[in-house]
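Below is one structure, written out as structure tokens, with a few remarks after it.
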Amino acid sequence: GYDWPASACARLATQKNAISPFTMLSLADNAALQLRFSRKWAAEKYTSTKHPLAARPRVKLERLRVGYFSADFHNHATLYLMAGLLREHDKSQFEVYAYSYGRSKSGEWRERAESDVGHFVDVSDLSAHAIADLARTHGLDIAIDLKGYTTNTRSDLFQHRLASIQINFLGYPGSMGADFIDYIVADPIVIPDDQRSHHSERVIYLPHSYQPNDNTREIAATTTTRADFGLPEDGFVFCCFNNSYKISPCEFDIWMRLLGKVKGSVLWLLRANRWCEHNLRQEAVSRGIAPERLVFADKAVHAQHLARHKHADLFVDTFNYNAHTTASDALWAGLPVVTKVGQQFAARVSASLLTAIGLPELITETEDAYEALILALATDPIRLSEIKAKLSVNRRVYPLFDTKRYTRYFEAGLHQAYDSYLAGQSPHDIWVCPPSATTNGTDLRL
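Numbering (my numbering), first residue to last: 179 to 624.
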């Protein structure tokens with residue numbers, strides 16, 4: 179992937195004022211460096227004194243009280259992934275609280291979240307101290323930060339100790355570098371052994387993929403054509419619906435070379451703003467590609483967005499900061515994703531997803547291999563159709579979109595973390611192992 183010069187990154191990591199760690203994820207594929215940015219941010223921004231915790235309970239309650247904290251309990255990528263987990267939580271074992279501090283408070287996804295948890299608490303108008311005091315009156319056993327250092331975060335809440343166990347999950351793809359976050363939820367692909375030391379949290383390793391998914395997401399039944407989206411009826415459509423900040427010169431160079439080699443092809447991107455659109459088209463021209471071969475898609479209602487994937491031929495991934503929800507969107511909609519696996523968590527998510535859906539052949543290790551595989555698929559319709567047929571079958575039987583199975587694994591991780599705490603142990607890495615037999619009618623052996 180494209181990295182800033184090492185000297186520039188080193189200077190940024192040592193300058194006096196902390197830099198947003200989220201900003202740096204797309205600029206450098208370096209987990210050690212990202213940990214430095216996160217630690218500096220946490221040390222500078224989170225300086226409040228922790229509240230004393232209640233005494234460790236002597237016995238485990240019948241139901242663990244788990245609180246999820248987020249600004250995104252509405253039509254947002256995080257909830258598209260989380261909705262199934264909230265729905266499938268075993269309410270006989272978990273009393274689920276959702277603390278919403280976001281300003282968007284309406285819509286179908288918000289209503290679903292409100293109905294799928296035991297307690298939905300709007301804390302958007304409360305101070306950090308007031309939220310912490312409220313959460314502590316609820317007696318949470320586990321508090322889960324769904325935002326990390328992403329936009330509209332209130333991770334400062336966690337410095338006050340909302341619960342005995344605090345977990346970084348889903349929203350921020352990397353270490354928070356904060357001593358008040360005990361665990362990060364991951365899998366052996368997004369945090370492999372050689373990257374483990376670059377995460378300050380202990381790791382709850384889930385089998386398959388760390389990412390939850392909702393297997394009831396609607397794909398709208400539409401009769402649209404390619405022309406409705408400004409796409410050619412016959413040309414090959416390369417697609418990348420990632421946010422524009424994830425696109426670096428490295429993958430853009432490759433995409434432009436591919437457009438040059440595949441006659442009549444176009445690149446379908448998500449529209450951000452007119453300045454971004456203008457700049458990308460200018461960059462295409464500077465690489466010898468006509469500007470109209472970049473086609474931009476407006477944002478759409480989620481079910482409609484999923485439906486329009488049928489007009490693309492192949493999803494091409496970004497490097498330092500992969501497709502995350504956008505990769506799951508594509509795979510759920512039947513569109514294959516080609517990725518290059520990187521070093522840091524954010525650069526390994528698509529590899530995790532493709533492994534969990536049984537398509538490891540779409541994971542590449544180098545830029546050359548990435549470009550060669552995409553070109554091969556774009557010029558071999560039979561091979562590409564075989565991949566799509568395999569995806570069509572796998573999406574229904576492989577672990578990635580098995581929401582109930584995922585939820586049981588996730589819950590097992592929470593139980594193990596709490597049992598360790600109850601036994602007086604310090605947080606330590608947890609490996610959730612798939613059962614070897616059928617449970618509740620769902621085969622968990624894959």
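Even glycine gets a Cβ: it sits at the ideal position worked out from N, Cα and C.
Since this is a predicted model, take the numbers as computed values, not measurements.
Residue i versus residue j - alpha carbon distance
| i | j | result |
| --- | --- | --- |
| ASP372 | GLY355 | 18 Å |
| TYR246 | VAL527 | 22 Å |
| CYS428 | SER293 | 44 Å |
| PHE347 | PHE358 | 14 Å |
| ARG314 | HIS254 | 27 Å |
| ARG583 | ASN457 | 44 Å |
| GLU470 | ARG459 | 8 Å |
| ALA564 | HIS606 | What sits at residue 564 in the sequence shown is Glu, not Ala. Distance between the alpha carbons of GLU564 and HIS606 is about 43 Å. |
| LEU257 | ALA567 | 28 Å |
| GLY442 | ASN451 | 25 Å |
| SER598 | SER226 | 27 Å |
| HIS297 | ALA249 | 16 Å |
| TYR327 | SER333 | 7 Å |
| THR620 | TYR548 | Here the model assigns THR620 a pLDDT of 38, short of 50, so the residue's position is not dependable, and the following value carries that caveat. Cα to Cα, THR620 sits roughly 36 Å from TYR548. |
| PHE690 | THR401 | The question about residue 690 has no answer here: the residues shown for the chain are numbered 179 through 624. |
| LEU622 | VAL415 | With a pLDDT of only 36 at LEU622, under 50, the local geometry of the prediction cannot be trusted, and no value is derived from it. |
| LEU448 | HIS483 | 11 Å |
| ASP319 | GLU273 | 10 Å |
| HIS338 | LEU555 | 52 Å |
| ALA191 | LEU409 | 43 Å |
| TRP453 | GLU461 | 12 Å |
| ARG131 | GLU545 | Any answer about residue 131 is impossible in this case: the structure gives the chain only from 179 up to 624. |
| PRO577 | GLY536 | 9 Å |
| ASN195 | ARG189 | 11 Å |
| LEU263 | ILE362 | 17 Å |
Unbroken beta strand (DSSP E) run spanning residue i, endpoints
| i | result |
| --- | --- |
| TYR628 | This structure cannot settle anything about residue 628, because the visible part of the chain is limited to 179 through 624. |
| SER278 | 272 to 278 |
| LEU600 | Premise fails: LEU600 lies in the alpha helix (DSSP H), 581 to 600, not in any beta strand (DSSP E). |
| GLN344 | 343 to 346 |
| LYS518 | 515 to 518 |
| HIS297 | 297 to 300 |
| LEU447 | 444 to 448 |
| PHE493 | 492 to 494 |
Burial state of residue i, where buried means 16 or more other Cβ atoms lie within 10 Å
| i | result |
| --- | --- |
| PRO390 | buried |
| SER464 | exposed |
| ARG243 | buried |
| LYS228 | exposed |
| PRO351 | buried |
| ALA221 | exposed |
| LYS283 | exposed |
| ARG486 | buried |
| LEU213 | buried |
| GLY349 | buried |
| GLN193 | exposed |
| SER270 | exposed |
| HIS307 | exposed |
| VAL571 | exposed |
| THR496 | buried |
| CYS611 | exposed |
When the options are compared against residue i, the one with the closest alpha-carbon
| i | options | result |
| --- | --- | --- |
| SER422 | GLU455, GLY438, ASP406 and THR402 | GLU455 |
| LYS488 | GLU411, HIS297, ARG561 and ARG332 | GLU411 |
| PRO268 | TYR587, ALA595 and VAL610 | This sequence places Asp at residue 268; Pro is not what is there. Of the candidates TYR587, ALA595 and VAL610, the one whose C-alpha sits nearest the C-alpha of ASP268 is TYR587. |
| THR503 | ALA399, GLY520, TYR275 and ARG395 | ARG395 |
| THR517 | ALA291, LEU492 and TRP510 | LEU492 |
| VAL519 | ASP300, CYS418, LEU531 and LEU513 | LEU531 |
| PHE286 | ALA481, ASP507 and THR533 | Correcting the residue identity first, residue 286 is Glu in this sequence and not Phe. Among ALA481, ASP507 and THR533, the Cα nearest to that of GLU286 is on ALA481. |
| ALA511 | ALA529, PRO577, ILE541 and ALA399 | ALA399 |
| SER119 | VAL274, ARG486, ILE425 and THR331 | Within the shown structure, residues of the chain are numbered from 179 to 624, placing residue 119 beyond reach of any answer. |
| ALA210 | HIS377, ARG241 and ARG339 | HIS377 |
| ILE197 | ASN208, CYS417, ASP207 and TRP219 | TRP219 |
| LEU259 | ASP580, PRO612 and ILE608 | ASP580 |
Range of the contiguous alpha helix (DSSP H) that encloses residue i
| i | result |
| --- | --- |
| SER528 | 527 to 534 |
| GLY262 | 255 to 266 |
| TYR548 | 545 to 556 |
| ILE560 | 559 to 575 |
| ILE397 | Run containing ILE397: none; DSSP gives neither H nor E here. |
| SER216 | 209 to 223 |
| LEU484 | 480 to 486 |
| PHE200 | 199 to 203 |
| ARG435 | 427 to 439 |
Those residues which DSSP pairs with residue i across a bridge
| i | result |
| --- | --- |
| ASN628 | Here the chain covers residues 179 to 624 and nothing more, so residue 628 does not appear. |
| TRP609 | TYR383 |
| ILE363 | The amino acid at residue 363 is misidentified as Ile; the sequence shows Val. Answer by DSSP bridge pairing, in chain order: ILE382. |
| GLY245 | TYR275 and ALA321 |
| ALA644 | The chain is shown only over 179 to 624; residue 644 falls outside these bounds and no answer can be derived. |
| VAL463 | According to DSSP, which records beta bridges pairwise, VAL463 is partnered with nothing at all. |
| VAL415 | VAL444 |
| THR542 | LYS518 |
Residue i Cβ short of 7 Å to the ligand SAH heavy atom set
| i | result |
| --- | --- |
| HIS487 | Inclusion of the ligand SAH in the displayed structure is not the case, the ligand content being empty and no account of it being possible. |
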